[in-house]
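Undergrad: Have a look at this one.
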Amino acid sequence: MNPIAFVYLATVLFGIGAAAVLLRRNAIIAFMGVELMLNAANLALVAFSRIHGEIDGQVMAFFVMVVAAAEVVVGLAIIIALFRARQTISLDEPAELKG
Numbered sequence: 000m001n002p003i004a005f006v007y008l009a010t011v012l013f014g015i016g017a018a019a020v021l022l023r024r025n026a027i028i029a030f031m032g033v034e035l036m037l038n039a040a041n042l043a044l045v046a047f048s049r050i051h052g053e054i055d056g057q058v059m060a061f062f063v064m065v066v067a068a069a070e071v072v073v074g075l076a077i078i079i080a081l082f083r084a085r086q087t088i089s090l091d092e093p094a095e096l097k098g
């Protein structure tokens with residue numbers, strides 16, 4: 000299969016993730032959009048690595064996965080803490096987060 004097809008797929012996935020972050024008001028959906036964008040970036044890194052015949056993109060994708068795993072832990076902890084405090088995970092009311 001042509002690696003350019005994976006680049007196109009990564010572009011579509013990144014666009015879907017960006018739309019989810021920008022258009023949805025639910026924190027979980029926005030969080031999933033960020034994860035989808037990170038996975039699209041990983042796919043593009045691996046595809047370009049395959050195109051150029053080097054392993055650098057795959058190594059960078061591995062480090063992005065490590066950072067994404069840490070981000071998932073911290074992000075879900077924040078979302079759970081907000082839900083316990085506010086009983087909602089809506090992003091419509093950012094003024095409530097001010098101290």
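For the sequence shown, numbering that gives the first Met the number 0 gives the first residue as 0, with consecutive numbering after it. Just so it is clear, CB atoms sit at the ideal spot from N, CA and C, and this is done for glycine as well. Note that the structure is a prediction, hence the values are computed from the model and not measured.
With respect to the alpha helix (DSSP H) encompassing Thr-10, which residues constitute its N-terminal and C-terminal limits?
TA: Against the sequence shown, residue 10 aligns to sequence position 11. Counting along the chain, the alpha helix (DSSP H) containing Thr-10 begins and ends at 2-22.
Undergrad: Within the same chain, show all residues whose beta-carbon is closer than 7 Å to that of Arg-49, passing over the 5 residues directly before and after it, in chain order.
TA: As a first step, residue 49 must be located in the sequence shown, where it is residue number 50. If we look at Arg-49 and ignore the five residues flanking it on each side, its Cβ neighbours are Pro-2.
Undergrad: Alpha carbon to alpha carbon, what distance is there between Asn-41 and Leu-12?
TA: The residue given as residue 12 occupies position 13 in the sequence shown. The residue given as residue 41 occupies position 42 in the sequence shown. Computed Cα separation, rounded: 11 Å.
Undergrad: Taking the alpha helix (DSSP H) that Gly-32 belongs to, which residues open and close that run?
TA: Walking along the sequence shown from the start, residue 32 turns up at place 33. Its alpha helix (DSSP H) spans residues 26-51.
Undergrad: Would the stretch 9-27 count as touching the stretch 83-90 if we require 3 or more Cβ pairs under 8 Å?
TA: As far as the Cβ criterion goes, the stretch 9-27 touches the stretch 83-90, which means the pair count is three or higher.
Undergrad: Here's the rule I'm using: 16 or more other beta-carbon atoms within 10 Å means buried, otherwise exposed. How should Leu-75 be labelled?
TA: Residue mapping note: residue 75 aligns to position 76 of the sequence shown, counting from 1. So Leu-75 ends up on the exposed side.
Undergrad: Within its chain, find whatever has a CB closer than 6 Å to the CB of Phe-82; leave out the 5 residues flanking it on each side and keep chain order.
TA: The residue you call residue 82 lines up with position 83 of the sequence shown. Closer than 6 Å at the Cβ level, and outside the excluded window around Phe-82, lie Ile-88.
Undergrad: Going along the chain, which residues of its own chain have a beta-carbon closer than 7 Å to the beta-carbon of Gly-56, five neighbours each way excluded?
TA: Within the sequence shown, the letter at position 57 stands for residue 56. Within the same chain, Gly-56 has close Cβ partners Leu-44, Val-45, Phe-47 and Ser-48.
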